[in-house]
Amino acid sequence: MSDLVLETRNLVKHFPLTRGVVFKKQYGAVRAVDGINLELRRGETLGIVGESGCGKSTLARMLVGLETPTSGDLFVQGKNMSRVGAEERRRGRRNIQLVMQDPYTSLNPRMTVGDIIGEPFEVHPDVVPKAKRRAKVQELLELVGLNPDHINRYPHQFSGGQRQRIGIARALALNPEIILCDEPVSALDVSIQAQVINLLEKLQNELGLSYIFIAHDLSVVRHIADRVAVMYLGKIVEIGTEDEIYETPTHPYTQALLSAVPVPDPKLRGQRDQIVLTGDVPSPADPPSGCRFRTRCWKAQDICAEQEPLLQIREKSGHPSACHFAEVRDVVHATE
Ligand SMILES: Nc1ncnc2c1ncn2[C@@H]1O[C@H](COP(=O)(O)OP(=O)(O)OP(=O)(O)O)[C@@H](O)[C@H]1O
Ligand SMILES: [Mg+2]
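Residue numbering for the sequence shown follows full-length UniProt numbering, starting at 1 and increasing by one per position.
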């Protein structure tokens, strides 16, 4: 069996912009995700990082089947999800589960924890027989570090970190091989974030899971990711192993994101030249020509407006980077 559990080829999601109430006329499109190629291998964690609005959640929603791609292909365990029959697609979908960002709004306040975690069994009744579901839910509660006796409690009786554990238990209910975490700790206190990340790592080791872990911030994924993809305006601009991205970033956008990570040690802080990005992120409904980052880039030349830099390995980069002037730059890190 192949080690590749998930693959996307040129995955695109454009949201049409329409005018008029009755006769909707399309006058443009939000190019939320604009041609993403990704590979996820068994047991690995792929981090996806980028600023707000760059298309991370839209990508995640396509991967779990909540959003239909405008074009492109998604392969789960080698099977093209748009080419297989309904039953096979269902099985593929079951294999990828989503953990969402906000544990306060993603759990139905009127349902007990037992019903929330067991809800996926209603959609996929064949996974666990009815008589064994309660025991399975209690097992899941225990697995994520919650008291199985609390099965009849409601979400408001739990803290933020505990609620995120409930969300994780629910994602695990159907024994998936891939878990997609869309900013799973962004809404939590810093002290709780580490606990949830440790739990995710423990579960990965115990269950052999593959993760896609989405975050705003490069410092959050550093600890957990084996490889990292950096996104900007619907595209991946740089992808590499944890070391490549953090030690030898070559895309100016990655370098800028890294330089924004706070450095606690004042001695190190002095050594670092901070890159401050000017200007706002352009609208994904009207992205700049050529390189989408060029309007905020200090290296931009004429070629950047004329020619889109492909995501490829360049002489001075060693790993794929979508920049005409990709070059290694020394980075001083927050935590060494
Ligand atoms: N259903 C939709 N209809 C129209 N536009 C949408 C829709 N969903 C998302 N968008 C737009 O697509 C772009 C990408 O949004 P997305 O939520 O994927 O970004 P994100 O990277 O997850 O951002 P954040 O970090 O804030 O969660 C944004 O410009 C957003 O406004
Ligand atoms: Mg999002």
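Glycine included, each C-beta is placed from N, C-alpha and C at the ideal position.
3-residue-minimum beta strand (DSSP E) runs that sit fully inside the segment 210-290, ordered along the chain
210-215, 227-232, 235-241
Give a yes or no on whether the C-beta atoms belonging to L174 and R292 are separated by under 8 Å.
no
Just to confirm my understanding: we take R153, look at its own chain, exclude 5 residues before and 5 after, and list those with CB closer than 7 Å. What are they?
T112, V113
Beta carbon of K56: closer than 7 Å to some heavy atom of ligand 2?
yes
Endpoints, beta strand (DSSP E) assigned at G47:
45-49
CB-CB length for L143 against L172, believed under 8 Å
7 Å
Please determine whether the Cβ atom of A32 lies at a distance below 7 Å from any heavy atom of ligand 1.
yes
Can you find the residues in the same chain that come closer than 8 Å, C-beta to C-beta, to I303, ignoring five residues on each side of it along the sequence?
G290, H324
Exposure of K24, with buried meaning 16 or more beta-carbon neighbours within 10 Å:
exposed
When the distance is taken between beta carbons, is Y246 closer than 8 Å to R222?
yes
Looking at M100 and G167, is the spacing between their C-beta atoms short of 8 Å?
yes
Are L188 and Q164 closer than 8 Å when you measure CB to CB?
yes
Just to check, is the beta-carbon of D102 closer than 7 Å to a non-hydrogen atom of ligand 2?
no
Mark L310 as exposed unless 16 or more other C-beta atoms lie within 10 angstroms of its C-beta, in which case mark it buried.
exposed
Excluding the 5 residues flanking D3 on each side, which residues of the same chain have their C-beta closer than 7 Å to its C-beta?
R41, R42
Is it a yes or a no for the segment 207-214 touching the segment 11-21, going by three-plus beta-carbon pairs under 8 Å?
no
Sorted by chain position, which residues of the same chain lie with C-beta nearer than 6 Å to V328's C-beta, five sequence neighbours on each side aside?
T248, T250
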